[in-house]
Amino acid sequence: METASYNAEKLIHFYDELREDKAKLSTSVYYDHLVKWGTSPEKATSLIRMMDPKNTGYLTRNDICRTMNFNLQSLRALRDIEIIKTDMSPSKRDSVALLFLELASRTVKKESMLRQLKERLEIVYGGDWSCFISAGHYWSICIHNPGTNLVFKYRDHIYGAFESGKL
Numbered sequence: 001m002e003t004a005s006y007n008a009e010k011l012i013h014f015y016d017e018l019r020e021d022k023a024k025l026s027t028s029v030y031y032d033h034l035v036k037w038g039t040s041p042e043k044a045t046s047l048i049r050m051m052d053p054k055n056t057g058y059l060t061r062n063d064i065c066r067t068m069n070f071n072l073q074s075l076r077a078l079r080d081i082e083i084i085k086t087d088m089s090p091s092k093r094d095s096v097a098l099l100f101l102e103l104a105s106r107t108v109k110k111e112s113m114l115r116q117l118k119e120r121l122e123i124v125y126g127g128d129w130s131c132f133i134s135a136g137h138y139w140s141i142c143i144h145n146p147g148t149n150l151v152f153k154y155r156d157h158i159y160g161a162f163e164s165g166k167l
């Protein structure tokens with residue numbers, strides 16, 4: 001199977017989000033996360049087989065980079081965003097921002113993009129998520145659960161997502 005159709009940077013961010021403080025990660029945990037993020041079960045299985053050809057049941061970051069022929073020095077997708085406010089862990093923040101950017105690059109209508117983003121965040125993280133895009137000035141006061149807020153600027157827009165808290 002060819003790896004050119006997969007986004008190596010996104011796969012690495014998904015791994016980092018799950019791994020945070022571990023040297024390796026179970027292939028079953030990584031598989032489940034890929035499927036939650038929208039990878040088809042067939043593609044996820046194929047990727048896992050390529051990344052773990054000896055069927056050890058575990059992956060390292062290097063396994064993903066090797067499989068995808070990806071140099072970590074070339075991480076670039078998030079260089080153009082400016083974080084305005086967040087309390088998410090760095091890996092979760094990057095995964096959510098990458099999803100925003102991926103949807104923005106292929107979705108014309110903002111309403112459709114926000115609906116897709118909300119659905120994916122609720123599948124991956126659970127809870128009730130709110131998402132927004134602003135093309136101008138905005139003021140906002142939101143109640144959100146700790147560790148779930150992200151607001152950033154990319155080009156001429158402000159993007160935000162948070163898991164709605166309870167009053």
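Once you know that position 141 of the sequence shown is 141 in full-length UniProt numbering, the rest is easy, because the numbers rise by one and skip nothing.
A virtual CB, placed ideally from N, CA and C, is assigned to each residue, including glycine.
Check, Outcome
"Element boundaries [alpha helix (DSSP H), containing Leu99]", "90-106"
"Completely contained alpha helix (DSSP H) runs for the segment 18-72, where each covers 4 or more residues", "27-36, 41-51, 61-68"
"Length of the line joining the Cα atoms of Asn149 and Arg49", "34 Å"
"Same chain, Cβ closer than 7 Å to Glu82, five either side skipped, listed in chain order", "Phe152, Lys153"
"Sequence-distant residues of its chain with Cβ nearer than 6 Å to Phe100 (five each side left out)", "Tyr159"
"Run of the alpha helix (DSSP H) containing Lys109, from where it starts to where it stops", "Careful: Lys109 lies outside any alpha helix (DSSP H) and carries neither H nor E."
"Whole-number beta carbon distance between Glu163 and His144, since they are thought to touch under 8 Å", "6 Å"
"Assigned exposure category for Tyr138 - 16 Cβ within 10 Å defines buried", "exposed"
"Closest residue to Asp16 among Val108, Gln116, Cys65 (Cα-Cα distance)", "Cys65"
"Rounded separation between Leu18 and Tyr30 - CA only", "7 Å"
"Own chain, CB closer than 6 Å to Lys85, minus 5 neighbours either side, in chain order", "Val151"
"Given 8 Å, three or more beta-carbon pairs between the segment 120-138 and the segment 30-39", "yes"
"Closest by C-alpha distance to Arg155, when choosing among Cys131, Asp87, Arg79", "Arg79"
"Limits of the beta strand (DSSP E) - the one that Tyr154 falls within", "150-154"
"DSSP state of Tyr138 mapped onto helix, strand, coil", "coil"
"Spatially closest choice to Ser134 from Gly147, Gly127, Glu111, by CA coordinates", "Glu111"
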